Amino acid sequence: MMASILAMSMLLLSVVVCNGGLTGSYIRKPWSVDMPLDSDVYATPSGYNAPQQVHITQGDQEGKAMIVSWVTMDEPGSNEVHYWREGSPDSTLVAEGYHVTYRYFNYASGYIHHCLLKHLEYDTKYYYEVGIGHTVRQFHFMTPPEINPDAPYTFGLMGKFICSKHKVTF
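Just so you know, the sequence shown maps onto residues -20 to -1, 1 to 150 in mature numbering (1 follows the signal peptide of the UniProt record, and there is no 0).
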């Protein structure tokens, strides 16, 4: 009986005292519409050795760097990324990256490029370009807001699950 009263008291106390982690007045944006499967972003880009599979990854723990990665299939091409802040196309910066390849039995990968863009400003839209000549492709990203307890931040987690007769990968 005493244990039940104590448990109920603790439950009531936790409901009254706890605020559910509310730290600010941030309200999420509405869900965006999914990208249609027939969108041109899924098509192989035209042109010889055009950059493919272009994607970004946060490049440091503070949010002031970004890693741009892409693949060229026929030859290494350029390891450079040209980038600039929105509204400042005349202030283009150039970052030099590197590329790697690998082989697995009779498979040979394309040229996998990685380039680190450093010293970015918080909460700023950047445009960047990869490729050479007529195969240049332009993209953009937004850096996260400066780190603080009330900063809105979206965290994404991606993975690939493969299960076959020869291997299991998570």
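All C-beta atoms, glycine included, are put in the ideal place defined by N, C-alpha and C.
Just so it is clear, the structure is predicted and the values come from calculations on it, not from any experiment.
Query raised in the report: Where residue 65 and residue 73 are concerned, what is the direct C-alpha to C-alpha distance, given to the nearest angstrom?
Result: For this step, residue 65 is matched to residue 85 along the sequence shown. For this step, residue 73 is matched to residue 93 along the sequence shown. When the Cα atoms are used, residue 65 and residue 73 turn out to be separated by approximately 9 Å.
Report task. Quick one: give me the first and last residue of the beta strand (DSSP E) that residue 48 is part of. Result -> Along the sequence shown, read from residue 1 onward, the residue named residue 48 stands at position 68. Start and end: 46 to 52.
Query raised in the report: For residue 109, which residues of its own chain have a beta-carbon under 6 Å away from its beta-carbon, when the five flanking residues on both sides are left out?
Result: The residue given as residue 109 occupies position 129 in the sequence shown. Closer than 6 Å at the Cβ level, and outside the excluded window around residue 109, lie 62, 116, 118.
Query - residue 73: first and last residue of the uninterrupted beta strand (DSSP E) it sits in - result: Position 93 of the sequence shown, counted from the start, is the residue given in the question as residue 73. Run containing residue 73: 73 to 76, per the beta strand (DSSP E) assignment.
Query raised in the report: First and last residue of the beta strand (DSSP E) that includes residue 38?
Result: Here residue 38 refers to the residue found at position 58 when the sequence shown is read from its first residue. 32 to 38 is the span of the beta strand (DSSP E), which, as asked, contains residue 38.
**Report entry** Whole-angstrom distance between residue 79 and residue 56, CA atom to CA atom
**Finding:** Translated into positions along the sequence shown, residue 56 becomes position 76. Translated into positions along the sequence shown, residue 79 becomes position 99. Roughly 7 Å between the two C-alpha positions.
Requested in this report: Please go through the same chain and pick out, in chain order, the residues whose beta-carbon is closer than 8 Å to the beta-carbon of residue 59, but skip the five residues on each side of it.
Outcome: For this step, residue 59 is matched to residue 79 along the sequence shown. Closer than 8 Å at Cβ, skipping near neighbours: 76, 77, 78, 79, 93, 95.
Report task. Look up residue 127 in the DSSP assignment and say whether it is helix, strand or coil. Result -> Position 147 of the sequence shown, counted from the start, is the residue given in the question as residue 127. In the three-state DSSP reduction, residue 127 falls in the coil class, being neither helix nor strand.
Requested in this report: Compare the beta carbon distance of residue 54 and residue 29 with 7 Å and say whether it is the shorter of the two.
Outcome: The residue labelled residue 54 in the question sits at position 74 within the sequence shown. The residue labelled residue 29 in the question sits at position 49 within the sequence shown. Contact annotation: residue 54 and residue 29 have beta-carbon atoms nearer than 7 Å.
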